[in-house]
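What follows is one structure encoded as structure tokens, with my remarks underneath.
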Amino acid sequence: MKCTIVGMWGGFPKKNEPTSGYLVEKDGFAILLDAGSGVAANVQNYIELNELHHLFISHYHYDHSVDLGAFMFGRMIGTYIGGTKKHLNIYGPADGDVAGQVEKTDFNTFHPYNKDSEIKVGPFTVTFHKNTHPVETYAMKITDDEGQVLVYTADSSYEDSLTRFAQNADVLITECSHYEGEDAERLGHMNAEEAALLADKSGAKKVVLSHLPHYGNLQELLQTVKSSGIEEAVLAETGMEIEV
Ligand SMILES: [Zn+2]
Ligand SMILES: [Zn+2]
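Each step along the sequence shown adds one to the number in our numbering, with nothing skipped, and position 201 is 377.
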């Protein structure tokens with residue numbers, strides 16, 4: 177499978193660079209992980225909105241979900257003007273408000289998931305880990321029909337159960353919201369040392385640091401991780417393609 181980073185900033189978008197969004201594709205089938213600020217606009221560099229039928233939301237913080245409305249209206253209007261006949265399937269933690277908004281927008285369908293869910297779509301099987309974060313949040317594991325594994329942490333404090341969930345991932349996209357020495361746990365996030373520990377304990381073959389901060393020298397995040405012995409690590413960039 178291939179993962180294209182549609183956006184990777186934490187909290188709010190940079191100029192022309194969205195917050196969280198990851199397009200995962202195999203054999204012409206696509207799913208999108210998260211719909212943060214700017215993702216609905218930027219994802220169209222890689223796929224037509226009418227060709228995307230499955231959208232997984234990790235949690236309802238704005239930097240992961242605020243473009244949900246844009247995707248829903250995109251599908252509604254896209255269907256009325258004849259661009260597609262398929263519904264947009266939106267998967268997210270159970271939430272009455274979100275479910276109601278999706279269901280009252282024509283041609284969109286909401287599917288709640290939880291930590292025990294296993295969702296099969298196209299060549300992908302998606303499973304979930306309940307994170308430690310101020311709102312109900314899930315990491316996602318995407319396994320393709322050849323057994324390749326992509327793990328996306330979404331937002332979370334470091335915890336051992338997450339290392340087990342990410343065990344032996346071919347690619348681990350981990351949040352890395354803070355620099356070494358900063359207290360990220362208090363905010364429900366990971367700093368670079370914690371991201372390195374997650375990468376090390378999970379045994380992931382390749383690590384992508386994402387959900388990056390808007391301050392400091394991002395290369396220092398990478399240095400912290402590499403100096404922990406994680407050699408196959410990169411900083412996420414908008415538009416980056418990762419083969420899994
Ligand atoms: Zn976030
Ligand atoms: Zn969050």
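The C-beta atom is built at its ideal place from N, Cα and C for all residues, glycine as well.
Quick one: residues in its chain with C-beta nearer than 8 Å to the C-beta of residue i, no 5 flanking neighbours on either side, listed in chain order?
| i | result |
| --- | --- |
| residue 413 | 181 and 184 |
| residue 178 | 200, 201, 202, 417, 418, 419 and 420 |
| residue 358 | 367 |
| residue 376 | 404, 405 and 406 |
Are there 16 or more other CB atoms within 10 angstroms of the CB of residue i, so buried, or fewer, so exposed?
| i | result |
| --- | --- |
| residue 311 | exposed |
| residue 387 | buried |
| residue 261 | exposed |
| residue 367 | buried |
| residue 321 | exposed |
| residue 251 | buried |
| residue 276 | exposed |
| residue 317 | buried |
| residue 330 | buried |
| residue 351 | buried |
| residue 222 | buried |
| residue 382 | buried |
| residue 270 | exposed |
| residue 210 | buried |
| residue 257 | exposed |
| residue 369 | buried |
| residue 332 | buried |
| residue 234 | buried |
| residue 425 | The requested residue 425 does not occur in the structure, where the chain is confined to residues 177 to 420. |
Identify the continuous alpha helix (DSSP H) that holds residue i and give its terminal residues.
| i | result |
| --- | --- |
| residue 351 | Here residue 351 belongs to no alpha helix (DSSP H); instead the beta strand (DSSP E) covers 347-351. |
Does at least one heavy atom of ligand 1 sit under 7 Å from the Cβ of residue i?
| i | result |
| --- | --- |
| residue 214 | no |
| residue 263 | no |
| residue 196 | yes |
| residue 321 | no |
| residue 390 | no |
| residue 239 | yes |
| residue 186 | yes |
| residue 387 | yes |
Which residues does DSSP list as the beta-bridge partners of residue i?
| i | result |
| --- | --- |
| residue 386 | 351 |
| residue 266 | 231 and 286 |
| residue 391 | DSSP, once it has assigned bridges, lists no residue as partnering residue 391. |
| residue 202 | 205 |
| residue 379 | The partner list for residue 379 (beta bridge, DSSP) is empty, contrary to what the question assumes. |
| residue 318 | 302 and 326 |
| residue 313 | None; residue 313 has no bridge partner. |
| residue 367 | 354 |
Is residue i near ligand 2, in the sense that its beta carbon is under 7 Å from a heavy atom of that ligand?
| i | result |
| --- | --- |
| residue 331 | yes |
| residue 313 | yes |
| residue 354 | no |
| residue 309 | yes |
| residue 230 | no |
| residue 287 | no |
| residue 235 | yes |
Leaving out five residues on either side along the sequence, give the residues of the same chain with a beta carbon under 7 Å from the beta carbon of residue i.
| i | result |
| --- | --- |
| residue 242 | 212 and 213 |
| residue 246 | 216 |
| residue 279 | 286 |
What residue range does the beta strand (DSSP E) around residue i cover?
| i | result |
| --- | --- |
| residue 259 | Run containing residue 259: none; DSSP gives neither H nor E here. |
| residue 287 | 284-289 |
| residue 238 | Taken as a continuous stretch (DSSP letters only), residue 238 belongs to no beta strand (DSSP E), being part of the alpha helix (DSSP H) at 238-241. |
Go through its chain and collect everything with a Cβ distance to residue i's Cβ below 6 Å, but skip five positions before and after it.
| i | result |
| --- | --- |
| residue 195 | 183, 185, 189, 212, 213 and 239 |
| residue 135 | Residue 135 lies beyond the range of the chain shown here (177 to 420); nothing can be said about it. |
| residue 384 | 349, 410 and 412 |
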